[in-house]
Each structure stands twice: as structure tokens, then as C-alpha cells.
Amino acid sequence: MSPVLADVLQVSALIVALALVHRPLGDYMAAVFTSGKHLRVEKWIYRAVGANPDTEMRWPAYLRGVLAFSAISVLFLYLILRIQDDLPGSLGFAAITPDQAFNTAASFTSNTNWQSYSGESSMGHVAQTAGLAVQNFVSAAVGIAVAVALVRGFARSRTGELGNFWADLVRGVVRILIPISVVAALLLVAAGAVQNFAGIHELTTVTGQPQSISPGAVASQEAIKDLGTNGGGYFNANSSHPFENPNGFSNLLTIFLLLVIPFSLPRTFGKMVGSVRQGYAIVGAMATIWFVGVVLVTWLEFAHPGTASQLAGGAMEGKEQRFGEGASSLFAVSTTMTSTGSVNSFHDSFGGLSGGVLLLGMMLGEIAPGGVGSGLYGMLIMAVVAVFIAGLMVGRTPEYLGKKIGTREMKYAACYILVTPALVLIGTAVAMATGHGESSMTNTGAHGFSEVLYAYTSASNNNGSAFAGFGANTEFHNTALGLCMLLGRFLPMVFVLALAGSLAEQKPVPETAGTLRTEKPLFTGLLVGTIMIITGLTFFPALALGPLAEGLAA
218 MSPVLADVLQ
228 VSALIVALAL
238 VHRPLGDYMA
248 AVFTSGKHLR
258 VEKWIYRAVG
268 ANPDTEMRWP
278 AYLRGVLAFS
288 AISVLFLYLI
298 LRIQDDLPGS
308 LGFAAITPDQ
318 AFNTAASFTS
328 NTNWQSYSGE
338 SSMGHVAQTA
348 GLAVQNFVSA
358 AVGIAVAVAL
368 VRGFARSRTG
378 ELGNFWADLV
388 RGVVRILIPI
398 SVVAALLLVA
408 AGAVQNFAGI
418 HELTTVTGQP
428 QSISPGAVAS
438 QEAIKDLGTN
448 GGGYFNANSS
458 HPFENPNGFS
468 NLLTIFLLLV
478 IPFSLPRTFG
488 KMVGSVRQGY
498 AIVGAMATIW
508 FVGVVLVTWL
518 EFAHPGTASQ
528 LAGGAMEGKE
538 QRFGEGASSL
548 FAVSTTMTST
558 GSVNSFHDSF
568 GGLSGGVLLL
578 GMMLGEIAPG
588 GVGSGLYGML
598 IMAVVAVFIA
608 GLMVGRTPEY
618 LGKKIGTREM
628 KYAACYILVT
638 PALVLIGTAV
648 AMATGHGESS
658 MTNTGAHGFS
668 EVLYAYTSAS
678 NNNGSAFAGF
688 GANTEFHNTA
698 LGLCMLLGRF
708 LPMVFVLALA
718 GSLAEQKPVP
728 ETAGTLRTEK
738 PLFTGLLVGT
748 IMIITGLTFF
758 PALALGPLAE
768 GLAA
């Protein structure tokens, strides 16, 4: 079988699997967040935290819950990392330094999972399970909760109430993330992924050199790392390590996991607003951008110039021999467009233009299909902007799902859109101007600049992947990237919830002959065009200095 045919079959199998679960999973998640009943285990959790799950919250109270829970999560994880050497199961590893502990705590709480350390030589069992794995669940659930609050803003009228944050958080963990993660972890163990709490194994290689092998609860963390679009690997090599990703089946399974909830949430959105066709329009825009990205990167990597690349059948440097160009490209596009950050190949080794596509996937705002929860609310913000633009074109007051998009709503949407570009561009500029960016480069020239740009793009958009050549473990980068992660995660949530509250207070606007049909393919095309134009105008100069310059010079 030719490599091209194998890749086509792999992508086709993935699309079929996602299509099969889109409706049942989307409907199930809609039922979870509209149910009036609480499970017994959920009631125990509510009593433990002192929350009343039946109390409705307006957007300021909902936001306070998000920020308070996340702040406590940062402090809790920071404490675990700082006292790791005094905890059981530390495997003899020292406590994490203050700057790296802050960076890691900010990273996992913000669903970024950027890692400036090697997990197998830095983190013991308690830090990995009670610290990092717990945040993999709850940070993903926070994203889902905020997305559900925005959907309620569209679905409700003449009220500012958006639901209860604590109920949404707990339901997301208990009813969605844990059950799917258990099944996924069992499948990964069956495929050969490691799952134990043994000590470090000291072995001797065939050349007589000593080697330390760190075991751990790898399969269970791998499952939620991808399902929750987290990305932080148990090992430094992440999903290119055979303990995390043993074979082709596990590779395709992990790609499926990181896409399944983001691609199913538009169905949840459609069910909750009373029109599944609205959900199809949103998922259509997500799928279009993702599929074009997969085709572009795969083609660019197979067509990479050079004798060595042609003999190898593609640019294989930095790629896994087990998976090849196609599976590496599919994984790379899926992980950068879902804010996951896990990798099965090193993005530093991708060509200039294909690396630029991966950068662009993050710069779009992680919306194709984006992170768990964050992808949906990011796409809905862009839908609001697209509706506004369409209204200006025809001279009509913009409306979306029966809600007027006025000055206040557009201010919230504009502020949301401006946050991450400001963090990316200012962060990259400061790093380069102070010399910290240049000193951390492994490469020079355009590719070296791309390493710095990628790091701040990844952190600010809560992705977590990196160009492997970038040396991020310095006080400056640990602090600066940590701040970018926190601001890039929680500042947009302020504007999302404020927009949700504003929409929920409105009374429905009756549909007329002049109402823009936002469930039609025409609107999907308008939405994709709006996203590309806004991103292109914002980031083209930075891309021209890095990946475009490198690609055109090749």
C-alpha cells in the first residue's frame, strides 16, 4: 500500500469515527447541562465545597466562581511542586524551582500544559497524578462550563442568569470526562501503554551504558491529556514515546480523543438553542479549516525539496518512523488547532511553510475545532463578528439566534479577539528586544525567530506545543510565558461571560424576511472568510518574518 493511500484511509477512518459519535455525544452533553437532577456523588461534592448547585448565577457571579476556583488550583499545584521532595512517591526527584513551579502551575490550570521540563526526570507519582492529572480534568471542565454559559446566553431571554458554575464544573468532570477517560485508558493499556506506580528501573543498554526508565500512570494521564485538549506528556518526548503512544492504533485513538469533544460540542450548542442546523453551520466551519490544514501540511511535507527528503519519501527528520509523514502531519494539525499541544513528532523539524500552517492554526484562536469548550465559545464569538459584518453590508441591524448584536456586544467580542494577538506580539517583541528570545534559540535567522514566535503563540493561545529547539527553561521565559498563559486563558473568559450575560438579558427578536440565515452554507463560508481575514491582517507581518521567509528561501 502506498503511503498516500494509507494516509487517505487513515484520515477517512478518523472522519467517519468523528461523524458517528457527533450526534450521540453532542446530545448527551446537552442532556447533561440541561438536566435538573444531581447524581449522588455530585451531591457529596457540592456539600464538600459548600455550593448550592440549584442557585442560578448572573455573569459576574459565574466569573467569580471561575476565577476563584482557578486561582486556588494554581496555588494548590504550585505547592505540590514546591514540596515534591517531601511527598511520598517522589522517586527521589527534587522540588521544582519557584519560576518553573509557577510556569507549570499556570500552564496546567490554564489548560495549556506547556512543559519546560522533562517529566520522566522531574516529576514523581504524586506530582503527576494528584497535581497534573487532576488539573487535566478540572481545567478542561472549566472550559466546557464557560462555553455552556455562553450557549445559555443565546438560548435564554429576559434574564441575566447563566446557570451555576459549580454544577457545570462537576457535571463536566463526573458525567463526561471521567467516563470517557476510563474507557480510553483501558484501550491504551490494551494497546501497550504503561500504567503502574513502580520505581525507576536502572538498566544497562546493549552498548553497556546505564539507563534509567521511569514508569508511572501513563495510560490514564494520556487519556485525559488528549480528551481534555491538555497536551502535557508524562515523558519529554510526549506522544512520540512508545510508553505513551505504542503503535498506529494508539496514535489514531489519541487523535480521535483530542478532536471528539470539540467537534461534538456544536451539536450540544444546536440542541440547547433549539436548532441543530445552527450547530451544523458551526461544525462545518470548524471542519473546513481543519481539513484544509491537514491537506496543506501533508502535501507540503511530502513535497519537501531535497534529495534526502525525496529518497525518504518526505521530510522525515524529527518524525516518527513508526507513523511516517501522513500520521505526523495529521497529528500536528489536529493538536495545534485544538489547543492540545501533545505531539508525535517535533514541529521544529517541519518545513518553513508547513510550520507556518501549524502556527496559523493556533493564531486563528484555537477554534478549528479548538479546545474543549474554548473552541466553541471562540467560534461563537467569531460568528457574532461575522453577523455584524453581514449586517453592515446590507444596512440592517445584526441579529444572531434572535438576539441583536449591538454596540455593547461588539465591544465584548472585539476585546475578546484582541487579547491573544496582543499577548503574542508583545510577548515575542519583548523577548526579542531584551535578547532573551535570541539566547534561547537553537537555530538562527527566520527559523530561530519562528521558535520564539511559536512559543508565545502557543502559550497565549493555551496550546502548549513547542518548536523543540527553543530553550524555555529560564527565569524570564518561565515567568513571561506563565503570565501569557494565565492572561490568554482568563481575560477572554471575562468577555465571553459578559457577552453571555448581555445576550441573556435581551428579549427575542422575531425572524423576518431580511434576517440572515445563519444555518445556511453561505453563512459558514462567511464565517470562515471572516476568521481568515481577521487573522491574516493581524499576524501576517509576524508570519512574514518567520515561517514565510524561511519557506520562500528554501
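In our numbering, the protein residues as written are 218 to 771. All residues carry an ideal CB built from backbone N, CA and C; glycine is no exception. Here the structure is a predicted model, which means the values were calculated and not measured.
- Task: Over the uninterrupted beta strand (DSSP E) stretch that includes P427, give me the two end residues.
- Result: 427-430
- Item | the segment 369-389 contacting the segment 414-430, beta-carbon criterion three pairs below 8 angstroms | no
- Residues bridged to T421 (per DSSP): P427
- Message: By DSSP's criteria, K260 is part of a beta bridge. Which residues make up the other side?
- Response: Bridge partners of K260: none, in fact.
- Does DSSP put R392 in a helix, a strand or coil? helix
- Item | Three-way DSSP call (helix, strand, coil) for K621 in this model | strand
- Status (buried if at least 16 other CB within 10 Å, exposed otherwise) for N413: exposed
- Item | Selected residue, minimal CA-CA separation from I634, among A646, I598, G608, R613 | I598
- Within the segment 310-384, note down every full alpha helix (DSSP H) run reaching 4 residues or more, in order along the chain. 315-326, 351-372
- Query: Between Q723 and the rest of its own chain, which residues show a CB-CB distance below 8 angstroms, the 5 nearest in sequence each way excluded?
  - Reply: S374, R375, K620, K621
- Item | Within 8 angstroms, strictly: CB atoms of A630 and V601 | yes
- Extent of the continuous alpha helix (DSSP H) to which T755 belongs: 738-762
- With contact counted as at least three CB pairs below 8 angstroms, one residue from each stretch, are the segment 469-482 and the segment 569-578 in contact? no
- Return the chain-ordered list of same chain residues with a C-beta closer than 6 angstroms to the C-beta of I499, the five sequence neighbours on each side being excluded. P483, M596
- Rounded to whole angstroms, what's the CA-CA distance from G688 to H653? Just pull it up for me. 10 angstroms
- Thinking C-alpha only, which one of A454, E461, N447 is nearest G433? E461
- Item | For R275, the residue or residues it bridges with in DSSP | E378
- DSSP on A529, reduced to helix/strand/coil? The pLDDT assigned to A529 is 48, lower than 50, so where the model puts this residue is not dependable; a value taken from the coordinates is nonetheless given after this. Helix.
- Message: Excluding the 5 residues flanking A318 on each side, which residues of the same chain have their C-beta closer than 6 angstroms to its C-beta?
- Response: Y295, L298, R299
- Rounded to the nearest angstrom, how far is the Cβ of T553 from that of G588, given a contact under 8 angstroms? Not really, about 11 angstroms apart at Cβ, beyond 8 angstroms.
- Message: Using a Cβ distance threshold of 8 angstroms, determine whether the segment 330-342 contacts the segment 301-315, with at least three qualifying pairs required.
- Response: yes
- Between the CA atoms of P725 and G329 - distance to the nearest angstrom: Note that residue 329 is Thr in the sequence shown, not Gly. Their Cα atoms are separated by approximately 37 angstroms.
- Message: One question on the structure: do K488 and G243 come within less than 8 angstroms of each other, judged by their Cβ atoms?
- Response: yes
- Task: Let me know the alpha helix (DSSP H) ranges lying completely inside the segment 649-686, each 4 residues or longer, listed in chain order.
- Result: 653-656, 662-677
- Query: In whole angstroms, what separates the C-alpha of G450 from that of Q438?
  - Reply: 8 angstroms
- Item | Beta-carbon proximity of H564 to S682, cut-off 8 angstroms | yes
- Once you ignore the five residues that flank T524 on each side, which residues in its own chain have a CB closer than 7 angstroms to its CB? Residue confidence is low: T524 scores 45 on pLDDT, short of 50, so the model does not pin down where it sits. Its coordinate-derived value is still stated next. Closer than 7 angstroms at the Cβ level, and outside the excluded window around T524, lies no residue.
- Query: Anyone know if the C-beta pair for S559 and A549 falls short of 8 angstroms?
  - Reply: no
- Item | For E616, three-class secondary structure by DSSP | strand
- Would you call the segment 351-366 and the segment 228-236 touching, i.e. three or more CB-CB distances under 8 angstroms? no
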